Amino acid sequence: MDARSVGLWQNPDFLRLWAGQTASMLGSQVTVLALPLTAALVLDASATQMGVLAAAGSIPALLAGPLAGVWADRARRRPLLVGADVGRAVVLGTVPVAALTTGLRVEYLWAVAFLSGLLTTLFDVTHASLLPALVRRDQLVEGNSKLEVSRSGALIAGPGLAGLLLHVATAPVAILVDAFSFLVSAGFIVRIRTPEPARAKGGGPGLWVEAREGLRTVLGDPVLSAMATSLCLFNLFSGLLGAVYILFVTREVGVDQAELGLVYAVGGASFLVGASGAGWVAKRLGVGGAIVWGACVSDAAFLLVPLAGGPHALAVFLLTAARFVATLGGPVTAINQLSLRQALTADRLLGRVNGAMLAIALGTAPLGALIGGVLGDTIGLRPAVFVGALGIQLGFVRLLVSPVRHLRIAPDGAVAATTDPIAT
98 MDARSVGLWQ NPDFLRLWAG QTASMLGSQV TVLALPLTAA LVLDASATQM GVLAAAGSIP
158 ALLAGPLAGV WADRARRRPL LVGADVGRAV VLGTVPVAAL TTGLRVEYLW AVAFLSGLLT
218 TLFDVTHASL LPALVRRDQL VEGNSKLEVS RSGALIAGPG LAGLLLHVAT APVAILVDAF
278 SFLVSAGFIV RIRTPEPARA KGGGPGLWVE AREGLRTVLG DPVLSAMATS LCLFNLFSGL
338 LGAVYILFVT REVGVDQAEL GLVYAVGGAS FLVGASGAGW VAKRLGVGGA IVWGACVSDA
398 AFLLVPLAGG PHALAVFLLT AARFVATLGG PVTAINQLSL RQALTADRLL GRVNGAMLAI
458 ALGTAPLGAL IGGVLGDTIG LRPAVFVGAL GIQLGFVRLL VSPVRHLRIA PDGAVAATTD
518 PIAT
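Residues 98 to 521 in the working numbering are what the sequence shown spells out, letter by letter.
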């Protein structure tokens, strides 16, 4: 019996994909906090160096996103996922080796962030392209919601685990946990048995020609282009804010590692609510309405970050509230955007469309990170955070004036749209 004919809880291959992602995300959230904290508190990195670190982790999406999409359409996707997991384990596993031999330097962290980012780009594009082969199209929102619930669990547990490991051990030990988690993920994914759709054999028109087809598809469709532009604007300014966030909260606001871990953990709890409720919101507002609502809630929350100041307890409360609200709306818009993209796009184009979307959406993040680092060193940390928080609002505005808000996914998986689905 086709595993897709049953519910997701009875679909063993979906459960394996879910378990693998859960393991990977838990470890990744440890590194998300451990790498910048190591740079800021152990290596005493400047705002510009922090900006370069943030850019190093995000620029691979721009450089490799479209090509990763071509590979995801040409090759079997399960081996690509396993290879990306093993590669990330090896890259991160070099950090404790470097710490024991030559010693850690900021430049080494840049290299680790860049290489890990390349492999993460391949994994993310391929992962988003594999899910529709494991579930029915009308199960995409539910499936993506369950995957995002794992992310929320990682957001809750990861920062606290990172803070504990950094407190009782060292940064290399914390990052080693992430390396091990990728091996666990690979162990689950390698056991997926659902046959994948046949791939075209023989020589194609070339990697870049096929990559451009994905870009043309995204830019030529009013729904996909609106979502891509919105994400592009959001990531430009969130990259700017994110580059100086750790420095801002630790040096200017005075938040310690334990308090910062609490801020991230509380945000993870709201992420769980948002991820669990994404399907519920979509049923009431439509997938398009859910996308716009989630973006409005998430983007507005960032305006609280530069206001953090005054009494220490109030500052911590504002930072916590900002993260709580942002991570409540964020998964609602993210899950429904991904589900809509998967429902609109034929399997033969899905890898390239996902790769193009990733490149467009995240390609501005390294630029924003570099700008944020320079602004932090020139105009100050709080003004730089203000610029980022205000600019983030442009992402919501772009969705509001687009046809996205009118869309729904029907029970048979069809998209009720004002534009023609991308079917061939």
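Where is the CB? At the ideal position from N, CA and C, for every residue including glycine. Values in this document were obtained by computation on a predicted structure and should not be read as measured data.
Please state the DSSP three-state secondary structure of residue i.
i	result
Thr442	strand
Thr314	helix
Arg233	coil
Ala419	helix
Asp110	helix
Ala76	Outside the modelled stretch of the chain, which goes from 98 to 521, sits residue 76, for which no answer is possible.
Thr218	helix
Leu504	coil
Arg381	helix
Ala412	helix
Arg309	helix
Leu206	helix
Gly200	coil
Leu261	helix
Thr267	coil
Since residue i and residue j should fall inside the 8 Å C-beta cutoff, what is the C-beta to C-beta distance between them, to a whole number of angstroms?
i	j	result
Arg174	Thr223	5 Å
Phe368	Thr424	4 Å
Leu466	Ala151	The residue you asked about is not Leu; residue 466 is Ala in the sequence shown. With a Cβ gap of about 4 Å, Ala466 and Ala151 count as contacting.
Gly166	Gly358	With 8 Å as the limit, Gly166 and Gly358 do not qualify as a contact, their Cβ atoms being about 35 Å apart.
Ala161	Leu219	7 Å
Gly469	Gly364	Actually they are not in contact, since the Cβ atoms of Gly469 and Gly364 sit about 20 Å apart, beyond 8 Å.
Glu307	Leu105	That belief does not hold up - the Cβ atoms of Glu307 and Leu105 are roughly 32 Å apart, past 8 Å.
Arg445	Asp170	7 Å
By the DSSP assignment, the alpha helix (DSSP H) with residue i in it spans what residues?
i	result
Val350	Element bounds for Val350: n/a, residue is neither H nor E.
Gly154	Ala144 to Arg171
Arg175	Arg174 to Leu197
Pro480	Leu478 to Leu497
Ile289	Careful: Ile289 lies outside any alpha helix (DSSP H) and carries neither H nor E.
Gly464	Reading the sequence as shown, one finds Leu at residue 464 and not Gly. Counting along the chain, the alpha helix (DSSP H) containing Leu464 begins and ends at Ala462 to Thr475.
On the CB-based measure, 16 or more other CB atoms within 10 Å of its CB, does residue i come out buried or exposed?
i	result
Gly299	Its pLDDT being 49, under 50, Gly299 is placed unreliably in this model, and the coordinates cannot settle the point.
Pro163	buried
Pro408	exposed
Gly351	exposed
Asp353	exposed
Arg313	exposed
Val498	exposed
Val413	buried
Ala514	Low local confidence applies: a pLDDT of 48 at Ala514 is under 50, so the model's placement there is unreliable, with the coordinate-based value given in what follows. Buried, because 16 or more other Cβ atoms sit within 10 Å of the Cβ of Ala514.
Thr430	buried
Asp95	No answer is possible for residue 95: it lies beyond the span of the chain, which begins at 98 and ends at 521.
Say whether the segment 472–492 touches the segment 399–414, bearing in mind that this needs 3 or more beta-carbon pairs closer than 8 Å, one atom from each stretch. yes
Would you say the segment 309–321 touches the segment 436–443, given that touching needs at least three Cβ pairs under 8 Å? Taking a cut-off of 8 Å on C-beta distances, the segment 309–321 touches the segment 436–443, as three or more cross pairs fall below it.
contact_flag[the segment 276–296, the segment 453–468] where n(CB pairs < 8 Å) is 3 or more: no
Would you check if the segment 378–397 and the segment 354–362 touch, i.e. whether three or more CB-CB distances between them fall below 8 Å? no
The segment 330–344 touching the segment 184–195, judged by at least three CB pairs closer than 8 Å: No, because fewer than three Cβ pairs between the segment 330–344 and the segment 184–195 fall closer than 8 Å, the two stretches do not touch.
Do the segment 458–478 and the segment 131–149 meet, that is, are 3 or more Cβ pairs less than 8 Å apart? yes
For the segment 273–286 against the segment 106–126, do three or more pairs of beta-carbon atoms, one drawn from each stretch, fall closer than 8 Å, so that the two count as touching? yes
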